Structures are given as structure tokens and as C-alpha cells.
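Asks: Chains as they are written, first to last, in my numbering: chain A, 6 to 118; chain B, 188 to 302. For reference, the structure I am asking about is given below.
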Amino acid sequence: GEDVEQSLFLSVREGDSSVINCTYTDSSSTYLYWYKQEPGAGLQLLTYIFSNMDMKQDQRLTVLLNKKDKHLSLRIADTQTGDSAIYFCAESPRKAAGNKLTFGGGTRVLVKP
Amino acid sequence: ETGVTQTPRHLVMGMTNKKSLKCEQHLGHNAMYWYKQSAKKPLELMFVYNFKEQTENNSVPSRFSPECPNSSHLFLHLHTLQPEDSALYLCASSQTAGGGTDTQYFGPGTRLTVL
Numbered sequence: 006g007e008d009v010e011q012s013l014f015l016s017v018r019e020g021d022s023s024v025i026n027c028t029y030t031d032s033s034s035t036y037l038y039w040y041k042q043e044p045g046a047g048l049q050l051l052t053y054i055f056s057n058m059d060m061k062q063d064q065r066l067t068v069l070l071n072k073k074d075k076h077l078s079l080r081i082a083d084t085q086t087g088d089s090a091i092y093f094c095a096e097s098p099r100k101a102a103g104n105k106l107t108f109g110g111g112t113r114v115l116v117k118p
Numbered sequence: 188e189t190g191v192t193q194t195p196r197h198l199v200m201g202m203t204n205k206k207s208l209k210c211e212q213h214l215g216h217n218a219m220y221w222y223k224q225s226a227k228k229p230l231e232l233m234f235v236y237n238f239k240e241q242t243e244n245n246s247v248p249s250r251f252s253p254e255c256p257n258s259s260h261l262f263l264h265l266h267t268l269q270p271e272d273s274a275l276y277l278c279a280s281s282q283t284a285g286g287g288t289d290t291q292y293f294g295p296g297t298r299l300t301v302l
């Protein structure tokens with residue numbers, strides 16, 4: 006079945022860039038997502054990328070997709086203390102399979118002042 | 188209220204209790220989802236409803252019983268739960284359950300503790 010893997014923890018200094026990595030196994034993945042979860046809150050969609058793209062930029066966020074290696078990354082420029090949260094990578098298969106998201110285990114990002 | 192709301196935010200129940208979780212979406216969506224988030228596993232999809240019809244049951248034990256009376260409301264009825272069912276239960280909604288850019292929007296979750 007599908008599998009999505011992420012590293013558990015990332016520590017970064019305020020103002021630096023953060024890079025969160027994700028690998029997935031399902032070659033039929035159509036859309037890949039990044040969600041953010043702050044303490045006590047639900048998941049907030051940050052951005053998504055379609056599988057025929059290799060890069061997407063949205064303000065401080067840059068998503069890179071290497072479809073050959075099934076590797077997805079999220080770069081946060083000028084990281085702020087408010088970016089401290091858990092970040093989840095998720096993949097969605099082709100449309101015929103319905104809207105089933107498979108999530109990674111999440112990367113806890115700690116931003117130090 | 189806007190977005191996806193869930194009540195209660197916290198719930199403590201004994202193994203013999205019956206309780207229900209409620210989710211309401213104010214986004215005009217037609218698909219709703221229940222997820223389980225526990226410390227030991229990645230976020231797990233439990234149920235999917237599309238236009239009030241259940242389209243997915245991800246091998247969830249029968250002690251969890253979903254109900255979707257209309258496209259805006261989703262319930263999760265709980266009965267005879269086990270301590271390992273303690274988790275954060277997240278509700279989400281999307282325009283439809285058709286896949287792809289039917290982006291899912293999540294509620295804040297209900298933190299459930301089973302004693």
C-alpha cells in the first residue's frame with residue numbers, strides 16, 4: 006500500500022530557511038500536499054503541488070517535487086517563531102480512487118529565537 | 188461561524204459510555220471525513236461521506252458509527268470504546284470526494300480520552 010515518510014524533528018533559528026523533506030511510494034500520486042498543525046488545532050492546508058510540476062512557490066513557501074525519486078520538500082524562507090508547528094506531507098492518488106489522502110507521520114519544527 | 192467546527196473539543200468517557208462527536212461545516216461542501224490522529228500512528232482516514240452517502244469505511248471497528256444527516260453535519264457515535272481509542276478525532280470537508288484538487292479543510296478536532 007501507500008507509504009509516506011517524514012523525519013520526526015527539525016530545529017531552526019529564526020530568520021534562517023527551513024527545509025522539510027518527505028518521501029512517498031505511490032507512483033500514481035496525483036497531488037501532494039503540505040499541511041501545518043499548531044498545538045491544539047486542526048490541520049491547515051499550506052500548499053499543494055500537482056504531480057506534473059516540479060516546483061511551486063507561494064510567498065515564503067517553496068515546494069519542490071522530484072517525481073523520479075518520489076521526494077517532496079517544503080522550504081520556508083525567513084522562518085519565524087510562528088512557524089513552529091508540526092508539518093504533514095500527504096499524497097492523493099488518481100481521481101478514480103476518490104479523495105483518499107495518505108499522510109506522513111509529521112515533522113515537528115521548532116524555531117529558536 | 189466559519190470553516191469546520193467540532194464539538195466537544197475535549198471528551199473523557201468510560202468504556203461503557205455512549206457519546207457522540209459532532210462536526211459542522213459552513214463552507215457549502217458536499218464531502219465530509221473523519222480521521223483519527225493518535226500518538227503512535229500517522230493520521231488515519233476512518234470514513235468518507237459524499238453527498239450524504241458513505242463512500243469509504245477504512246476497516247473501522249463497529250464501536251464507531253458515523254452518521255451524516257445532511258451535507259453540513261457529520262456525527263461519530265461512540266459505544267463501548269477501548270483505551271487504545273484515545274486520540275484526536277479530526278473532521279474535514281471538501282467540495283466533493285472526487286479527488287485531486289478537492290482540498291480538504293480540517294476542524295480543530297476532539298481530544299478523546301477513554302478510561
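We put the beta carbon where it would ideally sit given N, CA and C, even for glycine. As the structure is a computational prediction, the values presented were derived from the model and not from experiment.
Assuming L198/B and T297/B form a contact by the criterion Cβ under 8 angstroms, report the distance between their Cβ atoms to the nearest whole angstrom.
Replies: Indeed, because the Cβ distance is near 6 angstroms, the residues count as touching under 8 angstroms.
Asks: Can you pull the chain D residues whose beta carbon is under 9 angstroms from the beta carbon of L232/B, in chain order?
Replies: Although the question refers to chain D, the structure presented lacks it and instead comprises the protein chains A and B.
Asks: Can you list, in chain order, the residues of its chain whose CB lies under 7 angstroms from that of A168/B, leaving out five sequence neighbours each side?
Replies: Only positions 188 to 302 of chain B appear in the structure, and residue 168/B is not among them; the question remains open.
Asks: Taking G87/A as the reference, give the member of T30/A, T35/A, R65/A and V9/A with the closest Cα.
Replies: G87/A has its Cα closest to that of R65/A, out of T30/A, T35/A, R65/A and V9/A.
Asks: With a Cβ-Cβ cutoff of 7 angstroms, do H216/B and Q282/B count as a contact?
Replies: The answer is yes: Cβ separation under 7 angstroms.
Asks: DSSP beta-bridge partners for C255/B?
Replies: None, per the DSSP bridge assignment.
Asks: Of all the beta strand (DSSP E) runs that stay within the bounds of the segment 203-252 of chain B, which reach a length of 3 or more residues?
Replies: For the segment 203-252 of chain B, whole beta strand (DSSP E) runs of length 3 or above, ordered along the chain, are 205-212, 218-224, 231-237 and 240-244.
Asks: Nearest chain A C-beta to L198/B closer than 7 angstroms, yes or no?
Replies: For L198/B, the answer is no, since every Cβ of chain A falls outside 7 angstroms of its Cβ.
Asks: Do Y41/A and Y92/A have their CB atoms nearer than 7 angstroms?
Replies: The sequence given here places Lys at residue 41/A; Tyr does not occur at that position. Yes. Within cutoff.
Asks: Measure the alpha-carbon distance for L79/A versus K227/B and round it to whole angstroms.
Replies: For L79/A and K227/B, the distance between alpha carbons rounds to 24 angstroms.
Asks: Establish whether the CB of G294/B and some CB of chain A are separated by less than 7 angstroms.
Replies: True, the Cβ-Cβ gap to chain A drops below 7 angstroms.
Asks: Start and end of the beta strand (DSSP E) containing R196/B?
Replies: Note, R196/B: premise wrong, no beta strand (DSSP E); not H, not E.
Asks: Could you compute how far the alpha carbon of G47/A sits from the alpha carbon of Y292/B?
Replies: Near 9 angstroms, if we compare the C-alpha coordinates of Y292/B and G47/A.
Asks: Just to make sure I have the definition right: I need the residues of chain B whose C-beta is within less than 9 angstroms of the C-beta of A46/A. Which are they?
Replies: Here the neighbours are F293, P295 and G296.
Asks: Quick one: what's got a C-beta closer than 8 angstroms to K72/A's C-beta in the same chain, skipping five residues either side?
Replies: So the list reads S56 and D59, once near-sequence residues are dropped.
Asks: State the Cα-Cα distance for the pair L263/B and L302/B, rounded to the nearest angstrom.
Replies: Cα to Cα, L263/B sits roughly 18 angstroms from L302/B.
Asks: Compare the C-alpha of E211/B against each of T300/B, S225/B, Q269/B and C255/B and name the closest.
Replies: Nearest C-alpha to E211/B: C255/B.
Asks: Could you tell me which chain B residues have their CB closer than 9 angstroms to the CB of L50/A, listed as they occur along the chain?
Replies: Near L50/A (Cβ distances below 9 angstroms), the residues of chain B are T290, Q291, Y292 and F293.
Asks: Quick one: grab the DSSP three-state call for T86/A.
Replies: In this structure, T86/A counts as helix in the three-state DSSP scheme.
Asks: Grab the span of the beta strand (DSSP E) containing T283/B for me, first residue to last.
Replies: Looking at the DSSP string, T283/B is not in any beta strand (DSSP E), and its letter there is neither H nor E.
Asks: Tell me which residue opens and which closes the beta strand (DSSP E) that K117/A is part of.
Replies: Looking at the DSSP string, the run of the beta strand (DSSP E) that includes K117/A is T112 to K117.
Asks: Please identify, using Cβ separations under 7 angstroms, the residues of the segment 214-229 of chain B that lie next to chain A, in order along the chain.
Replies: Answer set for the segment 214-229 of chain B: A218 and P229.
Asks: For K61/A, which beta-bridge partners are listed by DSSP?
Replies: Partner(s): V68/A.
Asks: Looking only at C-alpha atoms, which of V191/B, K239/B, D289/B and K209/B sits nearest to S258/B?
Replies: Nearest of V191/B, K239/B, D289/B and K209/B to S258/B, Cα basis: K239/B.
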